[in-house]
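Colleague:
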Amino acid sequence: MNQPERFEQLATAYFESSYRASPTSATDLGIHEYDHLLDDMSQAAIRTRIAELKTFRKKFRAHGTRGLQNGATTDLALIQNDIEVELWFLDDTRDWETDPSYYVADPFFSIFLLASRDFAPIDERVENLTARLEQVPDLLSAARANLKNPPHILTEIGIEETFGAIEFCETLIPQLAQELKPTQKLQRAVKNTRSALRAFLVYLQDDLTLTSTGKLGIGSKQYAKILRNEHMLPYTIAQVVAMGERVFQATERELAAWAKRIDKTKSWREIIAKARTEFPARHRLLPAYRHEVKRLREFVRERDLVTLPPEDCQVVETPPFDRALNSFAAYIAPGPFEKNQRGQFWVTPIDTTAPRAQQIEQLEAHCNYLYPVTAAHEAYPGHHVQLVRANQVGSRWRKHFSSSIFAEGWALYCEELMNQAGYYSDPRMRLFQLQDRLWRAARVITEIGIHCYDSSMDDAARFLVDKVGLSRAAARAETRRYIAEPGQPMSYLIGELEVERLRKKFKRLPLKKFHDLLLDSGTIPFVLVEREMELKVEGSTFNFQP
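Numbering-wise, this note's numbering puts 169 at position 163 of the sequence shown, and it's gapless, one number per residue.
And the structure:
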């Protein structure tokens, strides 16, 4: 057996072990052999997985890159990096001890996928969905055994997600009843799951809340590992903060200058505040986004900005269990191994039980001059185009990886790209797009401030309100996200700067060719994308621009 064959054999064994360790992740990928199982989060299973990962680490290190082609060396680097990140999560930060979301949001997302993706006959999917529901009580028992002194914010989010999971259970059978008659087994599983969730909710509210005094920030040492291992960035924490501050200051100046073009007597904050009062009616929110997505797709096609893959983008309401962290919009990509490449653009509906003032504030987040920017970010030419194209990458192993710094960097870059292409038909749209960029720069400053420099959530929220113009409610939601997902919020701006850096480096390429080459490697860290782009350009016969 030669070296490439040994690598394929070892990679196959590694990913098979990953599917067994996380059946819910396998479902998301479009691997369906384990759809009847939830992840085993018992401490014994976690210890077994840690030992398994350490064994694979040794085997891949011993294998090395000798005899591998360029694409395979990238795959090897990705796998080795993946092992380090999972070990960091399981054995270093031990997030499974401090974050209730792993026991609520993640499993119910996997159940939602079985209900919503039509990869198999409905009765087969419901059988597996029922089996997963039957395992929820045991999973929540593992949560009680594992959770220890989380930060109070994570417990607060867990409580909201548990409420959402209960609501999801209440709507599940009516949803499925549109396609088949619910079995007694399914009805019993839903009833038992709902009871287990209610008991878990009491535990979170009455017990865990009392001991939720854990530190909010993960500290500089752990954050540096995110930059190095997860994002594979060459920058220090201080350099990343400096990048955020530089863009923040430049964007402030650009906002002020652009506001003068619109109304010389008003600041950009005043113009935006007035523009926010123009929004779709509550019942017209989804139709407005659906119409915008169609317009964007046609615009991108006509301007020939990037090669569009065969795909479909469905605009739907955010499921109840995921609204605690996704208060506005999000994109859910189709699994890379699914035949049907239909992505879902989630739009969080207005909470009709909230006070009227709060409902108005929620609608203002979808104002007429902002939702086109949001749709460009989430759908065309943003996440939907990029992630569906990544699903077509030639390497089977490459399809397993999803770098947030690449995905979010591309999507934020697309907001500016649509400005350069002339899509924003009203100057106020450009103002909102610039505010979005200011907000992403502020994320770098405030997120790292909390995790590395002991800034408080109140300090971060105040900065977002005073300097970025977010509402207090939006600022609080932002800072909660920083605690829940360290390293993800900063990835938007830093990723966009990496795209811009590569665009300058490959400036002789026609714009569409640059975009296509950038997206051809998959959703992987930029250092690996850049290496592959260099090799392709060096051996190419492209018609370079003068």
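Every residue, glycine too, gets a C-beta built ideally from N, C-alpha and C.
1) What are the partner residues of residue 337, as DSSP defines its beta bridges?
2) Using only alpha-carbon positions, find the residue among 179, 184, 200 that is nearest to residue 190.
3) Of the residues 538, 442, 488, 525, which one's Cα is nearest the Cα of residue 253?
4) In or out: residue 406 buried (at least 16 other Cβ within 10 Å) or exposed?
5) Mark residue 506 as exposed unless 16 or more other C-beta atoms lie within 10 angstroms of its C-beta, in which case mark it buried.
6) Which whole-angstrom value is the C-beta distance of residue 168 and residue 207, which I expect to be below 8 angstroms?
7) Cutting at 6 angstroms between CB atoms, please list the residues of its own chain near residue 417, excluding the five before and the five after it.
8) List in chain order: all unbroken alpha helix (DSSP H) runs of 4+ residues lying wholly within the stretch 248-301.
9) Alpha carbon to alpha carbon, what distance is there between residue 537 and residue 234?
10) Hey, residue 456 and residue 448 are a contact pair by Cβ (cut 8 angstroms); roughly how many whole angstroms apart?
11) Report the residue from 219, 278, 47 whose alpha carbon sits nearest the alpha carbon of residue 432.
12) Would you check if the distance between the CB atom of residue 329 and the CB atom of residue 528 is smaller than 8 angstroms?
13) Can you tell which of 540, 57, 339 has the C-alpha that lies nearest to the C-alpha of residue 34?
14) Using the beta-carbon count (16 or more within 10 Å), is residue 289 buried or exposed?
15) Throw me the rounded Cβ distance for the residue 172 and residue 200 pair, which I believe falls under 8 angstroms.
16) Which residue's Cα is closest to the Cα of residue 64: 81, 74, 111, 86?
17) For the stretch 86-150, list the alpha helix (DSSP H) runs that are entirely contained and at least 4 residues long, ordered along the chain.
18) I need the straight-line Cα distance from residue 94 to residue 88, nearest angstrom please.
19) Taking DSSP as the reference, what is the three-state secondary structure of residue 464?
20) Which runs of the alpha helix (DSSP H) spanning at least 4 residues fall entirely within the stretch 185-247, listed in chain order?
21) With DSSP as the reference, label residue 552 as helix, strand or coil.
22) Does the beta-carbon of residue 47 have 16 or more other beta-carbons within 10 angstroms, so that it is buried, or is it exposed?
23) Under 8 angstroms by Cβ, that's how I've got residue 298 and residue 355 pegged, so tell me the actual separation to the nearest angstrom.
24) To the nearest angstrom, how far is the alpha carbon of residue 231 from that of residue 542?
25) Start and end of the beta strand (DSSP E) containing residue 557?
26) When the Cβ atoms of the stretch 471-481 are set against those of the stretch 506-518, are three or more pairs found closer than 8 angstroms?
27) Taking 8 angstroms as the cut-off, decide whether the C-beta atoms of residue 251 and residue 451 are in contact.
28) Does the beta-carbon of residue 350 have 16 or more other beta-carbons within 10 angstroms, so that it is buried, or is it exposed?
29) Roughly how many whole angstroms lie between the Cα atoms of residue 358 and residue 484?
30) So residue 180 is in the alpha helix (DSSP H); what residue range does that whole segment cover?
31) If contact is defined by three or more beta carbon pairs under 8 angstroms, each pair taking one atom from either stretch, is the stretch 37-52 in contact with the stretch 123-143?
32) Out of 491, 256, 91, point me to the one whose CA is closest to residue 332's CA.
33) Is it buried or exposed, residue 552, if we count other Cβ atoms within 10 angstroms and call 16 or more buried?
34) If the criterion is Cβ atoms closer than 8 angstroms, does the pair residue 265 and residue 274 meet it?
35) Looking only at its own chain, which residues have a Cβ that is under 6 angstroms from the Cβ of residue 535, when we skip the five neighbours before and after it?
36) Is the beta carbon of residue 326 less than 8 angstroms from the beta carbon of residue 174?
Modeller: Checking against the coordinates, here is how it stands:
1) On the sequence shown, position 331 is the one that residue 337 refers to. Its beta-bridge partners are 351.
2) Your numbering for residue 190 matches position 184 in the sequence shown. For the residues 179, 184, 200, the minimum Cα distance to residue 190 belongs to 179.
3) Residue numbering aside, residue 253 sits at position 247 when the sequence shown is read from its first letter. Comparing Cα positions, the closest option is 442.
4) By 1-based counting over the sequence shown, the position of residue 406 is 400. Residue 406 comes out buried.
5) Residue numbering aside, residue 506 sits at position 500 when the sequence shown is read from its first letter. Residue 506 is exposed by the Cβ-count criterion.
6) Along the sequence shown, one-based indexing puts residue 168 at 162. Along the sequence shown, one-based indexing puts residue 207 at 201. Confirmed, about 5 angstroms.
7) The residue given as residue 417 occupies position 411 in the sequence shown. Counting only Cβ-Cβ distances below 6 angstroms, and skipping sequence neighbours, we find 383, 388, 389.
8) 274-281
9) What you label residue 234 is simply residue 228 of the sequence shown in a count that begins at 1. What you label residue 537 is simply residue 531 of the sequence shown in a count that begins at 1. Roughly 17 angstroms between the two C-alpha positions.
10) Taking the first residue of the sequence shown as 1, we reach residue 456 at position 450. Taking the first residue of the sequence shown as 1, we reach residue 448 at position 442. Not quite, the Cβ-Cβ distance comes to about 12 angstroms (not below 8 angstroms), so this is no contact.
11) As a first step, residue 432 is located in the sequence shown; it is residue number 426 there, counting from the start. Nearest option by C-alpha distance: 278.
12) Looking up residue 329 in the sequence shown gives position 323. Looking up residue 528 in the sequence shown gives position 522. Cβ atoms of residue 329 and residue 528: not closer than 8 angstroms.
13) Indexing the sequence shown from 1 puts residue 34 at position 28. Looking at the Cα atoms, 339 is the closest of the given residues.
14) The count along the sequence shown starts at 1 and reaches residue 289 at position 283. By the 10 Å Cβ count, residue 289 comes out exposed.
15) Within the sequence shown, the letter at position 166 stands for residue 172. Within the sequence shown, the letter at position 194 stands for residue 200. Yes, residue 172 and residue 200 are in contact; Cβ-Cβ is about 6 angstroms, under 8 angstroms.
16) Sequence index remark: in the sequence shown, residue 64 carries index 58 (1-based). Minimum Cα distance to residue 64 is reached at 86.
17) 111-122
18) Start at 1 with the first residue of the sequence shown, and residue 94 comes out as number 88. Start at 1 with the first residue of the sequence shown, and residue 88 comes out as number 82. Answer to the nearest angstrom: the Cα atoms are 10 angstroms apart.
19) By one-based count along the sequence shown, residue 464 stands at place 458. Of the three classes helix, strand and coil, the one that applies to residue 464 here is helix, per DSSP.
20) 190-212, 226-231
21) Taking the sequence shown and counting its residues from 1, the one referred to as residue 552 is at position 546. Summary for residue 552: the model assigns pLDDT 46, below 50, so the residue's position carries little reliability; its value from the coordinates is reported in the next sentence. In the structure shown, residue 552 sits in coil (DSSP, three-state: anything other than H, G, I, E or B).
22) By 1-based counting over the sequence shown, the position of residue 47 is 41. Looking at its Cβ environment, which holds 16 or more other Cβ atoms inside 10 Å, residue 47 is buried.
23) Counting from one through the sequence shown, the residue named residue 298 turns up at place 292. Counting from one through the sequence shown, the residue named residue 355 turns up at place 349. That pair is no contact at about 17 angstroms.
24) Stepping through the sequence shown from its first residue, residue 231 is reached at position 225. Stepping through the sequence shown from its first residue, residue 542 is reached at position 536. Rounded to whole angstroms, residue 231 to residue 542 spans 30 angstroms at the Cα level.
25) Nothing can be reported for residue 557: it is not among the residues displayed for the chain, which extend from 7 to 552.
26) no
27) What you label residue 251 is simply residue 245 of the sequence shown in a count that begins at 1. What you label residue 451 is simply residue 445 of the sequence shown in a count that begins at 1. Yes; because the gap between Cβ atoms is below 8 angstroms, this pair is in contact.
28) The count along the sequence shown starts at 1 and reaches residue 350 at position 344. Classification of residue 350: buried, given that the 10 Å Cβ count is 16 or more.
29) Along the sequence shown, read from residue 1 onward, the residue named residue 358 stands at position 352. Along the sequence shown, read from residue 1 onward, the residue named residue 484 stands at position 478. Taking the straight line from one Cα to the other gives about 22 angstroms.
30) Sequence index remark: in the sequence shown, residue 180 carries index 174 (1-based). Taken as a continuous stretch (DSSP letters only), the alpha helix (DSSP H) holding residue 180 covers 158-182.
31) yes
32) Sequence index remark: in the sequence shown, residue 332 carries index 326 (1-based). Cα-wise, what sits closest to residue 332 is 491.
33) Stepping through the sequence shown from its first residue, residue 552 is reached at position 546. Note that residue 552 scores a pLDDT of 46, beneath 50, so its modelled location is shaky; the value from the coordinates is reported in the next line. The residue in question, residue 552, is exposed, as its Cβ has fewer than 16 Cβ neighbours within 10 Å.
34) Within the sequence shown, numbered from 1, the residue matching residue 265 stands at position 259. Within the sequence shown, numbered from 1, the residue matching residue 274 stands at position 268. Contact flag set, yes.
35) Here the question's residue 535 lines up with position 529 in the sequence shown. Closer than 6 angstroms at the Cβ level, and outside the excluded window around residue 535, lie 527.
36) Your numbering for residue 326 matches position 320 in the sequence shown. Your numbering for residue 174 matches position 168 in the sequence shown. A contact, by the Cβ cut-off of 8 angstroms.
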